[in-house]
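This report concerns only the one structure given below.
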Ligand SMILES: [Ca+2]
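What follows is the structure in structure tokens.
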């Protein structure tokens, strides 16, 4: 077969690019803006790269936006093996171990230098300890907030999420950008008015 | 509504990011590798950014890979309004005018400086006259070749494409990378053997 005749380095690269095609079949909890179906992790990753490019000026700290974009391109690749864990769903205690194994297998398809580069990039994103990673994480939390606002509550209604819960689970937006955190909070408040987010003390009990 | 209270610049940026969500509903002719459905232009754009990052070393000319990635993030956004034109399908004489109008509307949602930046980026990609654009175009032609190889002929069979046709329609691969063009030709030759690509002179007439 043609792939057997490739130089070993190119063969590894193509195997990786073929393997990650499967990210197009990993469905997230989020609804796309048209509300016609759930979003997959590949198109989500593209959308986030555009968020980074367009919203870079709102980062709290100086960021290298090309590094942020690279993190966002790579951040969900482990889901090819490990699947997506919805932010508002039941957390799977084995998810982190599954993601580590997925990173080893998937990035391991690449030549060593590239394997290391992508692994470091994903580790940096996950650790969220650098300015670039904080901003990347902030965008990853912000984008589903917008999709929920556009789909009459989206996953907030699906999972019966409260204002307190969403505020704590998306707090990383504020670590990346005060401006975008203000926007998210305005969206949350309006979602409460619409009944898309529950409040801890419902109006009828106050 | 929350969006009415945003600062005008942020409001424009969010409007753009919401508008381009619709790229997730623009379906291309290409099949995804699992062959379970057609590919959409948003996930295609993500996949191409990964092709750029991983295959950069195979470019014929020195390229600025971050610029290549930016072009690939942006290159299909006009399809939100203008739709996709399959490479092997009937060409629509109004497609270019439709895409120009789409670029004006969609990039025009952004603040002026960003609108200009994305417009220039898209224009450069379309013109394919710079080293970065040549490599970006090469990857945009290469990725569907791989998907067709993985899906028993994919769009080649759907559109009854011949070896001559595919060779001429994907020639931009060779302008971006001799190495990747060699790989594409090996794939084409094998596709002929499988009967996935027609030959001008079928065996039974020779
Ligand atoms: Ca296209």
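Chains as they are written, first to last, in the working numbering: chain A, 1 to 206; chain B, 207 to 412.
Glycine included, each C-beta is placed from N, C-alpha and C at the ideal position.
Exposed unless 16 or more other CB atoms sit within 10 angstroms - verdict on residue 171 of chain A: exposed
Proximity test, Cβ basis, 8 Å: residue 253 of chain B and chain A: For residue 253 of chain B, the answer is yes, since a Cβ of chain A falls inside 8 Å of its Cβ.
Check whether residue 139 of chain A and residue 161 of chain A have beta carbons under 8 Å apart: The answer is no: Cβ separation not under 8 Å.
Where residue 224 of chain B meets chain A, residues with beta-carbon distance less than 8 Å: 33, 146 and 150
Residue closest to residue 306 of chain B, alpha-carbon to alpha-carbon, out of B/292, B/293 and B/286: Cα-wise, what sits closest to residue 306 of chain B is B/286.
Cross-chain neighbours of residue 71 of chain A in chain B, by beta carbon under 8 Å: Ordered by position in chain B, no residue passes the 8 Å Cβ test against residue 71 of chain A, which lies about 12 Å from the chain.
Buried or exposed by the 16-neighbour rule on C-beta atoms within 10 Å, applied to residue 309 of chain B: buried
Length of the line joining the Cα atoms of residue 229 of chain B and residue 216 of chain B: In a straight line, the C-alpha of residue 229 of chain B is about 21 Å away from that of residue 216 of chain B.
Pair within 8 Å by beta-carbon distance, residue 353 of chain B and residue 239 of chain B: yes
Chain A contact residues for residue 347 of chain B, given Cβ-Cβ distances below 9 Å: By Cβ distance, chain A contributes nothing, its closest Cβ being about 15 Å from residue 347 of chain B, past 9 Å.
Reference residue 282 of chain B, options A/168, A/94, A/46 and A/55, closest by Cα: Taking only the C-alpha atoms, the option nearest residue 282 of chain B is A/46.
Any 3 or more C-beta pairs closer than 8 Å across the segment 310-325 of chain B and the segment 256-272 of chain B: no
Same chain, Cβ closer than 7 Å to residue 370 of chain B, neighbours up to 5 away in sequence not counted: The beta carbon of residue 370 of chain B lies closer than 7 Å to those of 406 in the same chain, with the five residues before and after it left out.
Members of the segment 364-391 of chain B near chain A, C-beta cut-off 8 Å: 385 and 389
Within 8 Å, strictly: CB atoms of residue 40 of chain A and residue 53 of chain A: no
Where residue 133 of chain A falls, given that 16 or more other Cβ within 10 Å makes a residue buried: Looking at its Cβ environment, which holds 16 or more other Cβ atoms inside 10 Å, residue 133 of chain A is buried.
6 Å Cβ shell around residue 288 of chain B - same chain, five flanking residues per side excluded: Counting only Cβ-Cβ distances below 6 Å, and skipping sequence neighbours, we find 304, 305 and 308.
Own chain, CB closer than 6 Å to residue 206 of chain A, minus 5 neighbours either side, in chain order: Residue confidence is low: residue 206 of chain A scores 46 on pLDDT, short of 50, so the model does not pin down where it sits. No coordinate-derived value is stated.
Presumed contact (8 Å Cβ cut-off) between residue 177 of chain A and residue 135 of chain A, rounded CB distance: The C-beta distance from residue 177 of chain A to residue 135 of chain A rounds to 7 Å, short enough to fall under 8 Å.
C-alpha distance - residue 2 of chain A paired with residue 120 of chain A, whole-angstrom precision: 32 Å
Inter-residue Cα distance where the pair is residue 375 of chain B and residue 392 of chain B: The straight-line gap from Cα to Cα measures roughly 16 Å.
Beta-carbon spacing of residue 6 of chain A, residue 389 of chain B below 8 Å: yes
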